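Novice: The numbering of the sequence shown is the numbering used here, which starts it at 882 and goes up by one. The beta carbon of each residue, even a glycine, is placed where N, CA and C say it ideally should be. Remember, it's a predicted structure, so these values are computed and weren't measured experimentally. Structure incoming, see below.
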Amino acid sequence: PKRVAILVSGGGSNMVKLVESMTGDHPARAVLVGSNDHGAGGLKRAEEMGVPTFAVDHRPFGKDRAAFEAELIRHLDAARPDILCLAGFMRILTPTFINHYAGRMLNIHPSLLPKYKGLHTHARALEAGDSEAGCTVHEVTAELDDGPILGQARVPVVPDDTPETLAARVLAEEHKLYPAMLRKFAEAL
Ligand code: GAR
């Protein structure tokens, strides 16, 4: 099977869904979960599922993104990943890192790209008065939250939505979309 590594920064609910999806006749298996935060909830959840983990704290590296990323790459490549999934990984990656995994790195973003690249996507959708919101799985290229779109899922915006209620509605769709798009990507690789 294809070997999948996943990077998280937070609770890792998308990571859990990806790992859980890779069983049986699935063309891929989770081989490693990494984070920029030793305290990320996702690391504990990965360990509970029996997936090896690592963390590289970005803070001691200061502005030296190249050195931070070299450490990430060292850990990741030891697991020989065929696919790298970003799942709520909240560090901006340099072109050097992105080129290293060119054609084999996926991301999930909580908006209907090309709308709302970057942060605070749900607040921005509400502020704009959008009637729908959603999420996007895309291949990672050098431009932030850009790159070929593999799939999107849409949800309605409802009266009295807050960024939190909308985020929860979108997250439920993320949990279905990302495993489906990873499967498709792994099958085609
Ligand atoms: C998800 O909503 C994901 O789309 C978003 O962070 C959340 C992580 O949740 N990603 C980004 O905002 C990327 N810039 P999770 O840790 O529970 O999967």
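Report the partner residues of residue 1053 according to the DSSP bridge assignment.
Specialist: BP columns for residue 1053 are empty, so no partner.
Novice: Cβ of residue 1028 within 8 angstroms of Cβ of residue 1020?
Specialist: yes
Novice: Pairs of beta-carbons, one from the stretch 993-1006 and one from the stretch 911-929, closer than 8 angstroms: are there three or more?
Specialist: The stretch 993-1006 is not in contact with the stretch 911-929.
Novice: Excluding the five sequence neighbours on either side, which residues of its own chain have a C-beta within less than 6 angstroms of the C-beta of residue 1022, listed in chain order?
Specialist: 1028
Novice: Measuring from the CB of residue 968, is there a heavy atom of the ligand GAR at a distance below 7 angstroms?
Specialist: Yes.
Novice: For the ligand GAR, is there a heavy atom less than 7 angstroms away from the beta-carbon of residue 887?
Specialist: no
Novice: Quick one: what does DSSP say residue 975 is sitting in, helix, strand or coil?
Specialist: Residue state for residue 975 is assigned as coil, using DSSP reduced to three classes.
Novice: Here's a check: name, in chain order, each residue in its chain whose Cβ is nearer than 8 angstroms to the Cβ of residue 928, leaving out the five neighbours to either side.
Specialist: 934
Novice: Count the other C-beta atoms from every protein chain shown that fall within 10 angstroms of the C-beta of residue 1043, then say buried if there are 16 or more, exposed otherwise.
Specialist: exposed
Novice: Please tell me whether, using a cut-off of 7 angstroms, the distance from the CB of residue 901 to the nearest non-hydrogen atom of the ligand GAR is below it.
Specialist: no
Novice: Please work out which residues of its chain come closer than 7 angstroms, Cβ to Cβ, to residue 1060, disregarding the five sequence neighbours upstream and downstream, and give them in chain order.
Specialist: Within the same chain, Cβ atoms closer than 7 angstroms to the Cβ of residue 1060 are found at 898, 899 and 902, the five residues on either side in sequence being excluded.
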